[in-house]
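Everything below concerns the one structure shown next.
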Amino acid sequence: MSFILSYSALSGIIFLSSSIDELLTPYIPPILGKPFSASLGAFIATAAICACYFGILRPAGLLAGLLLAPLGSFLLLGSLLYMVLSFSLPVAAEITAGIMNGIYFVNEQIVIQAAKIPGIETVSPILSLLLSLAISFLLVYLRKRGRQKRLQFEP
């Protein structure tokens with residue numbers, strides 16, 4: 081199952097995120113729009129599989145992911161900093177460890193709160209598949225139409 085979900089999510093990111101990003105660009109700044117577009121593309125591509133296998137969809141994960149991704153990056157950078165400081169300045173390493181514990185606590189709270197938001201129980205996996213495909217085709221169509229309109233206005 082993890083293989084199928086991973087590659088479906090990757091396909092959604094590759095084939096849908098740029099279309100979603102073009103649609104969201106006027107409304108959301110790129111620093112938030114690009115990660116959200118990638119998350120939404122992955123969600124759309126995996127929705128039918130999750131509906132079939134788990135019987136529930138949890139779109140709250142899209143918003144939680146926007147908050148968790150940058151915090152995860154800080155945790156990775158903090159870990160590297162901690163490794164360097166633990167050998168050279170043990171006192172500074174303790175300060176870094178405290179900051180990383182704080183970031184981890186915030187991550188944990190975001191996950192806990194997002195898990196409390198009820199999911200959407202799916203009626204039919206086939207309906208979820210058809211809806212995912214329809215949304216995917218609509219996104220690609222809207223992107224193509226937007227490009228054609230832009231080409232009309234270029235000299």
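If you count by the numbering used here, then the sequence shown holds residues 81 to 235, one letter each, in order.
C-beta: ideal position from N, C-alpha, C; glycine also.
Keep in mind the model is a prediction, meaning the values are calculated, not measured.
Assuming residue i and residue j make a contact with CB atoms under 8 Å, what is their CB distance in whole Å?
i	j	result
Ala128	Pro205	6 Å
Ile190	Leu147	5 Å
Ile136	Ile200	7 Å
Give me the residue from the options with the minimum Cα distance to residue i.
i	options	result
Ser208	Gln189, Tyr221 and Thr126	Thr126
Gln193	Ser82, Phe154, Arg138 and Pro109	Arg138
Lys224	Ser91, Ser86, Phe95 and Phe83	Phe95
Val220	Ala89, Met81, Ser99 and Leu85	Ser99
If you count every other CB in all the chains shown that lies within 10 Å of the CB of residue i, and 16 or more means buried, which is it?
i	result
Ala195	exposed
Ser119	buried
Gly92	buried
Thr105	exposed
Kindly identify the DSSP beta-bridge partner or partners of residue i.
i	result
Leu137	Ile200
(request) Kindly confirm or deny that the segment 157–171 and the segment 214–226 touch, where touching means at least three C-beta pairs closer than 8 Å. (result) Put simply, the segment 157–171 does not touch the segment 214–226. Fewer than three CB pairs are less than 8 Å apart.
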